[in-house]
Structures are given as C-alpha cells and as structure tokens.
RNA sequence: GGAGAGCUGGCCGAGUGGUCGAAGGCACUUCCCUGCUAAGGAAGCAUACGGGCUUAAAUCUGUAUCGAGGGUUCGAAUCCCUCGCUCUCCGCCA
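Numbering (the numbering used here), first residue to last: 68 to 491.
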C-alpha cells in the first residue's frame with residue numbers, strides 16, 4: 068500500500084510513476100473522495116468533541132446534584148447528525164482504503180522502463196551451457212522412465228499435478244534439503260516451519276488480496292475461509308504483522324521450505340507439458356525484514372544467496388532486472404534468476420527476488436523502534452532460494468546423459484547416498 | 001465434541017456507567033543524590049488519524065483506540081448481543 072500522504076501531497080508525481088508500470092490511477096476519483104472525507108471528518112470530529120464536552124458537564128453537574136435538564140436539551144438533536152456523519156465517514160474511509168489496496172507499488176528509479184518481459188534488462192550471465200553430442204530430451208521425457216509420473220498426478224488430482232517416485236523423488240528432496248541447509252548454515256537465515264493455510268488478513272498484508280484472489284486456492288471450513296499459501300513469503304513476512312520490533316532485532320532473516328499452491332488462472336495453455344508450471348510446487352523461500360536504509364543492500368545480497376545455489380549446482384543462469392511493466396504488485400525492484408534449459412534453448416525463471424520497501428510493512432503495520440525511539444515502518448524483501456520443482460527440471464535437462472540416465476550434481480551426492488547416476 | 005475461565009498500554013495488573021487514555025508496579029529515558037556494583041529521590045514515557053502553525057521538525061489542538069464488530073445511553077473499559085482468540089478439565093485423535 069502506498070503512503071496516503073504521498074498521494075495527498077504529491078498526487079501528480081505518484082500518478083506519473085504508476086503510469087510507468089502501466090497502472091492507471093483514477094486521480095479524479097481519489098481527489099473527490101479525499102475532499103469529501105476531509106469535510107465529513109472535520110465535521111464529525113467537531114460534533115464528537117461537542118458531545119464529549121457536554122457529557123462531561125452532565126457528569127459533573129450530576130455529581131454536584133444540580134439540575135441537568137438544560138444541558139440535556141442542548142445535546143438532544145446531536146445524536147442523529149453525528150450518527151449520519153460517522154456512517155458516511157466510515158464509508159468514505161473504506162472506499163479510500165479499497166482504492167489504495169488495489170494500487171501497486173512505485174518502481175525504484177533504477178528499474179528499467181518497459182511494457183513486458185521483452186524490456187527486461189540482463190544484468191549478468193554466469194556459466195556456459197553444456198554442449199551435447201547427442202539428441203537431447205526435455206525434462207518430461209528424461210524424467211518419465213526415472214519416476215516422473217504426470218499421468219498418475221493427473222489421475223489423482225488433475226492437470227498440473229505430478230507424482231514423483233524413487234530416485235527422482237529423492238533428488239527433489241535432496242535439492243530442497245541442500246537449499247535449506249545453504250540458506251541457514253551459509254547465509255544466516257533462521258529456518259522456519261510455517262502453516263500452509265492462512266487467513267485473509269495475512270494475504271492482504273503481503274498484497275495477494277484483495278486484488279489477486281483468483282490466483283489462490285481456498286478452503287471453506289465451518290464459517291471460516293482459509294487460503295493455501297502461494298508462497299511462504301506470506302507466512303514468513305506476516306510473522307512481523309502488527310509488531311514493533313526493537314532496532315537491534317534487524318535484520319530479521321527467515322527461510323522455509325514449503326509447498327506453494329497457485330491456481331494459475333490466466334495461464335491456460337502455457338507450459339502445459341512437464342512440471343514447469345504446477346498447481347503445487349515446493350520452494351525454499353528467503354525473507355528479510357530490514358532497516359529502511361539497508362533494503363537495497365539486502366536486495367543485492369539476497370540475489371547472491373539465490374545465485375550461490377545455482378553456482379553450487381553448476382547450472383548456467385542469468386540475472387535479469389525486471390522492467391517497470393513486468394514487476395510484481397508489491398515490488399519496487401525485482402531481479403529474476405533464469406536458469407538455462409537446453410531443451411527449450413532458453414533461460415527460464417527459477418527465482419525472483421524483490422524489495423517491497425514499506426509497501427507490505429504499511430499493510431502489515433510491521434514496524435521497528437528507530438534511533439529516536441519512534442515506531443517506523445520496516446522494509447520487507449523476499450526471494451526464492453530456489454523454486455525446487457524448476458530446479459529439478461533444470462537438473463534433469465542439464466545433467467542428462469546419452470544413455471538416458473541423469474548424473475547427480477556433485478553437491479547433492481551427500482544427500483543421495485553417494486549415488487552418481489539416476490538410472491531407469 | 002462437552003464444561004468452564006479469561007482477553008486492559010512494552011510487560012504485569014487495578015478498574016462494573018460519568019471529570020478514565022485509563023491507578024499501581026516493572027522495564028525504559030533524563031535529572032538529582034550517593035565515592036565503586038547496589039540503594040534512594042524527581043520528572044517523563046502508547047498508537048493511528050484529522051486540523052492549526054511551520055520550508056521541515058518541535059509544538060499546540062481535536063478524534064479514535066481497553067480482543068473485533070454491533071447495540072443501549074446525554075455519556076461505555078464498565079451493561080446487552082454476535083464473533084474471534086487464549087487457557088483449564090473431559091472426550092476423541094496423528
């Protein structure tokens with residue numbers, strides 16, 4: 068959520084910045100709402116002040132045993148007017164709030180301008196794609212004989228669900244373990260186990276609601292509604308919701324390995340083969356809660372934390388700075404890590420690291436006590452370190468052998484009982 | 001699932017219709033005193049939003065907030081209703 072003060076004081080500039088990312092802000096509507104809000108709020112508060120004053124007088128007069136009928140008469144008509152004003156004020160504030168909740172974050176000045184992913188800017192490219200001396204297969208064809216079973220996944224649950232067996236399942240687990248161990252032991256994140264179902268408040272806090280409800284899976288239980296997490300960014304970031312943490316506690320660095328559930332509404336027909344795009348996938352997530360002055364430093368570090376995984380797995384990748392038109396709702400700046408997929412002959416997103424500055428913190432009321440002892444909004448960052456399913460895809464494709472087997476990446480051998488090759 | 005208890009400021013905890021944003025204590029900040037650590041004294045110490053002043057801050061002022069929402073009342077932390085959460089006992093259960 069944007070700071071409403073910024074909109075009040077500097078509306079034109081905010082509108083211009085939002086326009087850069089393709090968002091049309093209804094400034095006229097906002098101005099009209101604000102104007103009425105101001106009038107109604109001032110009037111309401113004046114009436115409330117009058118009522119409080121009079122009531123106080125009644126109390127004092129009664130204590131002294133004086134006659135109160137004169138004062139009572141004075142306050143008689145106040146109630147109805149006040150009630151009407153209060154109701155209207157609530158309505159206006161809700162409208163303004165709803166409006167703000169649907170406005171995306173402002174891009175950082177360093178973000179390249181553009182409309183779509185074609186305008187993203189490559190920052191660096193690491194590793195050299197392997198040259199194959201045989202006809203390569205995509206991950207689905209490589210994995211099928213080794214235990215990657217899309218048909219059974221579809222039977223159990225439908226499209227975009229996959230069953231893994233045997234060494235493929237174990238490789239998948241090894242990847243997650245390796246990532247989690249790296250983030251905790253080498254990069255200083257605290258390992259968390261979090262709920263997979265959350266309430267609406269949590270999703271409003273991180274920005275998935277109210278705007279993107281259709282992307283989520285939800286469950287009705289008795290009278291309550293819970294949502295399956297689309298990423299553990301939601302649970303990890305919400306740990307500081309409604310909290311004021313001491314200055315010394317920052318930065319807070321959290322990580323978790325969880326499944327992620329996404330309805331993938333609007334991506335029908337995209338990536339239908341294989342496990343690039345699933346309704347359920349595992350991810351090791353990194354979240355940092357930091358001092359506002361440190362958030363861009365933290366962003367670069369977190370990209371490095373994700374890159375280290377790819378480097379350890381010896382997977383070629385590139386780092387891309389997302390353009391204004393391709394960034395997510397809550398981000399001021401985002402780097403994507405794209406891993407090389409030889410069968411697609413291209414780089415595909417495997418991690419996304421974003422700084423949200425105070426956008427989520429304002430929704431979450433997540434604050435710290437600053438140097439002067441005053442509460443101030445924190446900055447929040449999140450990033451995948453990494454998406455486990457897509458990493459499995461990358462390993463299958465990049466480590467495939469002519470005989471149909473898959474070589475186990477060296478760093479994983481300890482997690483795989485020293486297995487060297489996965490064979491049918 | 002059954003029965004009961006509770007939810008007040010950073011923490012503990014008083015407060016059952018009126019001058020309560022809320023006693024008292026702890027913690028914290030500043031100052032005083034005391035020749036060390038300790039002890040004693042004074043003051044300060046919630047958040048959000050609106051308005052005035054201001055380049056801005058400080059400050060002043062108003063409103064709201066005692067789990068949440070609604071109601072009764074001139075007036076609600078206090079009374080009524082609904083919901084949420086926590087805890088205890090019983091049952092069930094990985």
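From the three backbone atoms N, C-alpha and C, an ideal C-beta is built for every residue, glycine too.
Remember, it's a predicted structure, so these values are computed and weren't measured experimentally.
- Counting only runs that start and end inside the region 291-351, the beta strand (DSSP E) elements of at least 3 residues fall at 291-295, 319-328.
- A distance below 6 Å between beta-carbons, with the five flanking residues on each side excluded, links residue 409 to the following residues of its chain, in chain order: 203, 464.
- Excluding the 5 residues flanking it on each side, residue 407 has same chain C-beta neighbours closer than 6 Å at 196, 383, 414, in chain order.
- With a cut-off of 8 Å on Cβ pairs, the region 478-487 is in contact with the region 230-245, counting three or more such pairs.
- For residue 458 and residue 426, the gap between their C-alpha atoms comes out near 30 Å.
- Within 10 angstroms of the beta-carbon of residue 190 lie fewer than 16 other beta-carbons, which makes it exposed.
- Secondary structure at residue 475: coil, using DSSP grouped into helix, strand and coil.
- DSSP places residue 175 in no alpha helix (DSSP H); its state is neither H nor E.
- Of the candidates 467, 488, 472, 235, 467 places its Cα closest to the Cα of residue 198.
- Within the same chain, 310, 311, 312, 428, 442, 443, 444, 445 come within 8 Å of residue 434 by CB-CB distance, once the 5 residues on both sides are set aside.
- When the Cα atoms are used, residue 431 and residue 176 turn out to be separated by approximately 25 Å.
- In this structure, residue 227 keeps its C-beta atom at 9 Å or more from the C-beta atom of residue 216.
- Just measuring C-alpha positions, the residue of 131, 94, 142 sitting nearest residue 116 is 142.
- In this chain, the alpha helix (DSSP H) harbouring residue 206 covers 206-210.
- Taking C-beta separations shorter than 8 Å and ignoring five residues to either side along the sequence, the partners of residue 162 in its chain run 100, following chain order.
- Residue 359 sits in a helix when the DSSP states are folded into three classes.
- Here DSSP, grouped into helix, strand and coil, assigns residue 467 to strand.
- Closest in C-alpha terms to residue 146, from the list 119, 302, 128, 166, comes 119.
- Inter-segment contact for the region 163-174 and the region 390-402 is present: three or more beta-carbon pairs are separated by less than 8 Å.
- DSSP places residue 450 inside the beta strand (DSSP E), whose first and last residues are 446-454.
- Here the C-alpha atom of residue 416 lies approximately 41 Å from the C-alpha atom of residue 159.
- For residue 255, the closest of 360, 128, 368, 291 by C-alpha to C-alpha distance is 368.
- Residue 403 sits in a strand when the DSSP states are folded into three classes.
- Between residue 403 and residue 380 a beta carbon distance of about 17 Å is seen, past the 8 Å cut, so the two are scored as non-contacting.
- Counting the other Cβ atoms within 10 Å of the Cβ of residue 299 gives 16 or more, which makes it buried.
- Using a 10 angstroms sphere on the CB of residue 75, the tally of other CB atoms stays under 16, which defines it as exposed.
- The continuous alpha helix (DSSP H) containing residue 82 extends over residues 78-87.
- The three-state reading of DSSP puts residue 389 in coil, since its state is none of H, G, I, E or B.
- Taking 4 residues as the minimum length, the alpha helix (DSSP H) runs contained wholly in the region 234-287 are 267-273, in order along the chain.
- Using a 10 angstroms sphere on the CB of residue 277, the tally of other CB atoms stays under 16, which defines it as exposed.
- Residues 268, 269, 272, 431, 432, 433 of the same chain have their beta carbon placed closer than 8 Å to that of residue 308, with the five preceding and five following residues left out of the count.
- Note on residue 257: under 16 other CB atoms within 10 angstroms of its CB, so exposed under the neighbour-count rule.
- For residue 185, there is no enclosing alpha helix (DSSP H), since its DSSP letter is neither H nor E.
- Of the candidates 342, 315, 355, the residue whose Cα lies closest to the Cα of residue 306 is 355.
- Ranking 342, 236, 449 by CA distance to the CA of residue 323 puts 449 first.
- Excluding the 5 residues flanking it on each side, residue 90 has same chain C-beta neighbours closer than 8 Å at 170, 171, in chain order.
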